[in-house]
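Engineer:
Numbering (my numbering), first residue to last: 24 to 206.
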């Protein structure tokens, strides 16, 4: 696991640099940017049904999320009604003492993303928020927040971490990083 630490540290360092990207050169802005960290749920168990729990690898990745973003000043954490998203978010929420907000996913991923983005921007302006979604909702959420176009996420990919920094004025910026082991 030691070989993973530089990658995790790089993700956190990149996040901090992005947070500072919203700061004018002459000093701190009156309004902090809103920073939204969007990840897909961790690896799920191979069981029948629509709501599988995390696998052992998924539980390890959920713990890796603490290392990746635990020092970023997270004030809110969102997950869907499915246990795999909540199990991915829960270790971070417990570590930080931040409540886990369940935001129900709907059949229309684009509408779900737009509604979630609206809630985050109205309730958490100037804060750091983590969202745990699904392979079909993560790209939509990033775009609904004004971030870059994200290609379709393969069913076998769980390591992506998107950071959307939304300044009080100017366009949002987005980075794509990785956390945990590569899937």
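Positions of the beta carbon are idealized from the N, C-alpha and C atoms, including for glycine.
Are the beta-carbon atoms of residue 76 and residue 107 separated by less than 8 angstroms?
Structural biologist: The count along the chain shown starts at 1 and reaches residue 76 at position 53. The count along the chain shown starts at 1 and reaches residue 107 at position 84. Taking 8 angstroms as the Cβ cut-off, residue 76 and residue 107 qualify as a contacting pair.
Engineer: By the three-class DSSP mapping on this structure, what secondary structure does residue 47 have?
Structural biologist: The sequence position of residue 47 within the chain shown is 24, counting from 1. Because residue 47 carries a pLDDT of 48, less than 50, the predicted location of this residue cannot be relied on, and the following value inherits that uncertainty. In this structure, residue 47 counts as coil in the three-state DSSP scheme.
Engineer: Restricting to Cα atoms, I'd like to know which of 68, 143 and 58 is closest to residue 178.
Structural biologist: Reading the chain shown from its first residue, position 155 is the one you call residue 178. Checked all of 68, 143 and 58; the closest Cα to residue 178 is 68.
Engineer: For a test of the three-state rule: what should DSSP assign to residue 72, helix, strand or coil?
Structural biologist: Taking the chain shown and counting its residues from 1, one reaches residue 72 at position 49. Here residue 72 sits in coil by DSSP.
Engineer: Give the straight-line distance between the Cα atoms of residue 170 and residue 189, rounded to the nearest whole angstrom.
Structural biologist: Counting from one through the chain shown, the residue named residue 170 turns up at place 147. Counting from one through the chain shown, the residue named residue 189 turns up at place 166. Their backbone Cα atoms lie some 9 angstroms apart in a straight line.
Engineer: Taking DSSP as the reference, what is the three-state secondary structure of residue 141?
Structural biologist: The residue labelled residue 141 in the question sits at position 118 within the chain shown. Correct three-state label for residue 141: helix.
Engineer: Hey, residue 88 and residue 181: beta-carbon distance below 8 angstroms or not?
Structural biologist: The sequence position of residue 88 within the chain shown is 65, counting from 1. The sequence position of residue 181 within the chain shown is 158, counting from 1. Cβ distance not < 8 angstroms, so residue 88 and residue 181 don't count as in contact.
Engineer: What residue from 185, 56, 94 and 161 has the CA that sits closest to residue 175's CA?
Structural biologist: Position 152 of the chain shown, counted from the first residue, corresponds to residue 175. Nearest option by C-alpha distance: 161.
Engineer: Given residue 66, which residues of its chain have a CB within under 8 angstroms of its CB, disregarding the five upstream and five downstream residues?
Structural biologist: As a first step, residue 66 must be located in the chain shown, where it is residue number 43. Cβ neighbours of residue 66 beyond the five flanking positions: 77, 78, 80, 81, 84, 181 and 206.
Engineer: What's the C-alpha gap between residue 185 and residue 95?
Structural biologist: By 1-based counting over the chain shown, the position of residue 185 is 162. By 1-based counting over the chain shown, the position of residue 95 is 72. Distance between the alpha carbons of residue 185 and residue 95: 14 angstroms.
Engineer: May I have the straight-line CA-CA distance separating residue 93 from residue 139, to the nearest angstrom?
Structural biologist: If you number the chain shown from 1, residue 93 lands on position 70. If you number the chain shown from 1, residue 139 lands on position 116. About 22 angstroms.
Engineer: Identify, in the order they occur along the chain, each residue of the same chain with its Cβ nearer than 6 angstroms to the Cβ of residue 150, setting aside the five sequence neighbours on each side.
Structural biologist: Position 127 of the chain shown, counted from the first residue, corresponds to residue 150. Only 98 meet the Cβ criterion.
Engineer: Hey, would you say residue 110 sits closer than 8 angstroms to residue 127, going by beta carbons?
Structural biologist: Along the chain shown, one-based indexing puts residue 110 at 87. Along the chain shown, one-based indexing puts residue 127 at 104. No, Cβ-Cβ distance for residue 110 and residue 127 is not below 8 angstroms.
Engineer: Between which two residues does the beta strand (DSSP E) carrying residue 198 extend?
Structural biologist: Within the chain shown, numbered from 1, the residue matching residue 198 stands at position 175. Taken as a continuous stretch (DSSP letters only), the beta strand (DSSP E) holding residue 198 covers 196–201.
Engineer: Taking the beta strand (DSSP E) that residue 59 falls in, what are its first and last residues?
Structural biologist: By one-based count along the chain shown, residue 59 stands at place 36. That run of the beta strand (DSSP E) goes 57–63.
Engineer: Taking DSSP as the reference, what is the three-state secondary structure of residue 85?
Structural biologist: As a working note, residue 85 is residue 62 in the chain shown. Of the three classes helix, strand and coil, the one that applies to residue 85 here is helix, per DSSP.
Engineer: Please list, in chain order, all residues of the same chain as residue 163 whose beta carbon is under 6 angstroms from its beta carbon, the five residues on each side excluded.
Structural biologist: Looking up residue 163 in the chain shown gives position 140. Only 132, 133 and 136 meet the Cβ criterion.
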